[in-house]
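Q: Position 14 of the sequence shown, counted from 1, bears residue number 18 in our numbering, the numbering being contiguous throughout.
A virtual CB, placed ideally from N, CA and C, is assigned to each residue, including glycine.
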Amino acid sequence: MNINHLRIIAGLVLIPIAMAIVWSIPFYNHSALIQWFLINILSAYGAFLFFAAISHLILRLLNLKAAWQYCLVMFCVALPIDIGFSIYSIQGYSSLYYSQTQVVEHGDITASGYMLQVTESLKSSAFLTLAFLLFWFIAVRKPRDKLNA
Numbered sequence: 005m006n007i008n009h010l011r012i013i014a015g016l017v018l019i020p021i022a023m024a025i026v027w028s029i030p031f032y033n034h035s036a037l038i039q040w041f042l043i044n045i046l047s048a049y050g051a052f053l054f055f056a057a058i059s060h061l062i063l064r065l066l067n068l069k070a071a072w073q074y075c076l077v078m079f080c081v082a083l084p085i086d087i088g089f090s091i092y093s094i095q096g097y098s099s100l101y102y103s104q105t106q107v108v109e110h111g112d113i114t115a116s117g118y119m120l121q122v123t124e125s126l127k128s129s130a131f132l133t134l135a136f137l138l139f140w141f142i143a144v145r146k147p148r149d150k151l152n153a
């Protein structure tokens with residue numbers, strides 16, 4: 005196994021763990037911190053591998069390798085999927101409140117509900133994009149050789 009394969013494996017292992025740590029910060033003083041951390045690790049691996057696989061296919065198809073291209077592709081992949089899943093997941097409720105917002109009223113999603121879902125999707129897509137950028141630094145970036153620089 006060469007160094008490039010080891011870098012890819014390291015990125016695939018370390019990035020979801022870092023995501024889970026960030027997601028677990030709100031539970032720092034919670035009695036179930038370990039359980040939440042384990043749930044967050046499983047969720048982070050699932051989300052990162054799913055979105056990274058789709059992004060990887062697009063990047064390979066278009067032969068893109070720059071960091072900004074990785075970020076752009078990940079954001080463009082993550083945002084519509086996240087918005088679609090967010091809107092789909094709140095359908096079927098007759099009334100739903102969260103984040104001090106009435107998201108569903110009389111079975112219909114409110115305008116505030118759509119705005120909240122889009123805002124949350126933008127944040128989570130930006131977080132996934134940052135994670136993919138870190139993956140690029142670990143697995144893809146070619147360090148310059150100091151002798152040839």
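1. Considering only their Cβ atoms, is the gap separating Phe131 from Met78 smaller than 8 Å?
2. Given Leu120, which residues of its chain have a CB within under 7 Å of its CB, disregarding the five upstream and five downstream residues?
3. Less than 6 Å between C-beta atoms, sequence neighbours within five positions excluded: which residues of the same chain meet that for Leu138?
4. Quick one: Cα of Arg11 to Cα of Trp40, how far?
5. Am I right that Ser98 and Gly111 are in contact with their C-beta atoms under 8 Å? What's the rounded C-beta distance?
6. Candidates Ala14, Leu16, Ile13 and Ile45: which alpha carbon is nearest Ser28's?
A: To lay it out plainly:
1. As a working mapping, residue 78 is identified with position 74 in the sequence shown. As a working mapping, residue 131 is identified with position 127 in the sequence shown. No. Outside cutoff.
2. Residue mapping note: residue 120 aligns to position 116 of the sequence shown, counting from 1. So the list reads Ser103, Thr105 and Val107, once near-sequence residues are dropped.
3. On the sequence shown, position 134 is the one that residue 138 refers to. Cβ neighbours of Leu138 beyond the five flanking positions: Ile19.
4. As a first step, residue 11 is located in the sequence shown; it is residue number 7 there, counting from the start. As a first step, residue 40 is located in the sequence shown; it is residue number 36 there, counting from the start. Distance between the alpha carbons of Arg11 and Trp40: 28 Å.
5. On the sequence shown, position 94 is the one that residue 98 refers to. On the sequence shown, position 107 is the one that residue 111 refers to. Sure, about 5 Å apart at Cβ, within 8 Å.
6. The residue given as residue 28 occupies position 24 in the sequence shown. Per the Cα distances, Ile45.
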